[in-house]
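In UniProt numbering, the protein residues as written are 1 to 677. Inspection log for the structure reproduced underneath, given as structure tokens.
What follows is the structure, given as structure tokens:
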């Protein structure tokens, strides 16, 4: 299966342009169902017949007659759309019943140039606006690829032109920023070189796409009925640099088709480089902040290369509840929960709801689709608010469908959407304007990297649960497309004029996004290696700038003179205090000293060769300390960490080849300790 998927028997998506920004506002669900008669109980016969009637109306309007559809496909579409609209109706009724408090997101119109100014601030380049010479901004600019630098220049040019029109303060010339000396506004930067299979950086290398086996790869595909050919993804070169051919305009929407069968999605694998794979939780918060800067720049460059506008919402920050469970911002929930469970990354109530459903609800037929009792869900919510943190709530009384209703209610009531207000238009655009699933996946990957930590960790837990639901399709009758159709209206809310063809297409669009999120989640939470390479270069540039600045500090010069005098003194007698071995310069090339503070043998010098992996070092320490390890080590999963040098902290892939990692960061320290949960 190739990335470009064509099928004359599938639904055609045409461009959908909402008349106003996506938002959660009072009465917005009415725009979906304004042709629906007054509400009845979600489980009543009238409610379901109403959903079917709406579905038939929409299906008749929304399918262009030029494309033939098989009876089975039409039946599948009808059932899926019925699920979607029944879910929307259920949401509407829960709001009318008062069990949910509508949250208002107020959108502030952007003045000319403000969006570009906000973009520059969001990518860590506020220095271009203030005019100050800051090291972080200069370090970031020095790592950009050609397409990334072009994206920055384009936004900065727009910003400066706007300021000149408004007769505001003098702004820096773009040539001063990128160091060009001629009069041409164009410039060229050195692209981030990918890492080849032997760890040597090759300039200008392009990613290789070929059919491979799943061995030594991160596999993310179809479990049954999958294609025999697997497509390999390479993350050594930036996505925007990899785009060489732009689809013709007239072919763009012609190819914008997708099948709804699970087996229609291609299988992707990400072959591990010799540096291994890195998940979002493997990097320090400081480095992940830089990953977010670079991801927004890369996403913008990626959309520019495809000729697609990257749209963002501007929303005023809304204050939710400061206590309780539902309608509370994720950051506030986590702050409260961490007082009880330090280091927790997903809200306790959300974890408990997922656990309840995983323990008893995965095999329940129609789970997520069949609504629970509205009155029971309302009462359960009130009881949870009162008893949850006192550990007095009886979870055995909760029926599975009611637990699913509480789970979806929690997501809907977040003051800000789980996938953030700012980038909801970008999620929609990646399906409406980008035809190939490979490119959609790349855009989705960057959007995941952009998410705030609390949102990303919560979304990861939710998608992991949805994957388990789909895995039990044989018993719960919920396949990937069914689950996606039910979840979509809870994650992506639209404000349209009426429930017509555009709304139907929006339903298919958002469901396709959810389907990609569920199917390829193992790939999406892996940090692309080219971004890590840029972070390393950014840290190196910042360190070099700091060293140059320190050389001009008088206090530092005095200290250096004193250290020089100490070096000229005779050697210290035996027993004197010396620097730790890992700070000594006489360690042979290719030898690292590994520290394991929790083991009985706390350090070991290890000679690396081309085949030494991180897991080999872990196994050696385990063997040496099998008898004398402390109780703290037993039962914990230990990982080898790369600390310092050109990275903050990096939990290494067990399959990473250590000689290559060492050469990428020779100044690092190597520590064995438990991996952060």
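From the three backbone atoms N, C-alpha and C, an ideal C-beta is built for every residue, glycine too.
Put simply, the segment 286-296 does not touch the segment 371-390. Fewer than three CB pairs are less than 8 Å apart. In this structure, residue 366 sits away from residue 400, with a CB-CB distance that is not shorter than 7 Å. Under the 8 Å Cβ criterion, the segment 648-663 counts as touching the segment 609-617, having at least three qualifying pairs. A Cβ-Cβ distance of about 7 Å is found for the pair residue 539 and residue 647, placing them in contact under the 8 Å criterion.
Of the candidates 512, 114, 477, 512 places its Cα closest to the Cα of residue 488. In this chain, the beta strand (DSSP E) harbouring residue 649 covers 647-651. Annotation for residue 603: the continuous beta strand (DSSP E) segment containing it runs 603-607.
Taking each of 485, 238, 601 in turn and checking the Cα distance to residue 466, the smallest one comes out for 485.
In the structure shown, residue 675 falls within a coil segment according to DSSP collapsed to helix, strand and coil. For residue 474, the enclosing alpha helix (DSSP H) stretches over residues 473-476. Judged by beta-carbon spacing, residue 326 lies within the 7 Å limit of residue 410, meaning their Cβ atoms are closer than that value. In the same chain as residue 388, and ignoring 5 residues on each side of it, the C-beta atoms closer than 7 Å to its own belong to 325, 349, in chain order.
When 381, 447, 595, 120 are compared, the shortest CA-CA separation from residue 622 is found for 595.
Closest in alpha carbon position to residue 373, among 405, 352, 480, is 405. Contact annotation: residue 542 and residue 151 have beta-carbon atoms that are not nearer than 7 Å.
For residue 269, the enclosing beta strand (DSSP E) starts and ends at 268-271.
Excluding the 5 residues flanking it on each side, residue 448 has same chain C-beta neighbours closer than 6 Å at 524, in chain order. Here the segment 112-128 makes contact with the segment 150-166; the two share three or more CB pairs at distances below 8 Å.
If you draw a 10 Å sphere on the C-beta of residue 432, you find 16 or more other C-beta atoms in it, and that means buried. Of the residues 442, 370, 364, the one whose Cα lies closest to the Cα of residue 472 is 364. In the structure shown, the three-state DSSP call for residue 644 is strand. With contacts defined as CB atoms closer than 7 Å, residue 334 and residue 450 fail to qualify as a contacting pair.
Per DSSP, reduced to three states, the secondary structure at residue 339 is coil, with no helix or strand assignment.
In this chain, the alpha helix (DSSP H) harbouring residue 377 covers 374-387. Looking at 641, 624, 662, the one whose alpha-carbon comes closest to that of residue 676 is 641.
Going by DSSP, residue 661 is part of the alpha helix (DSSP H) stretching over 658-664. Take the alpha-carbon of residue 535 and the one of residue 287: they are about 7 Å apart. In this structure, residue 270 lies away from residue 299, with their beta-carbon atoms at least 7 Å apart. The beta carbon of residue 490 is closer than 8 Å to those of 87, 91, 408, 411, 412 in its chain, skipping five residues each way along the sequence.
Following the DSSP letters along the chain, one finds residue 233 inside the beta strand (DSSP E) bounded by residues 231-233. Between residue 522 and residue 277, the CB-CB gap reaches or exceeds 7 Å. Taking 7 Å as the cut-off, the beta carbon of residue 346 is found closer than this to the beta carbon of residue 458.
In the DSSP assignment, residue 349 falls outside any beta strand (DSSP E) and lies within the alpha helix (DSSP H) extending over 348-360. If you look at residue 486, you'll find it in the alpha helix (DSSP H) that goes 480-491. Taking 8 Å as the upper bound for CB-CB distance, residue 478 and residue 368 are in contact here, some 6 Å apart.
In the DSSP assignment, residue 399 falls outside any beta strand (DSSP E), carrying neither H nor E.
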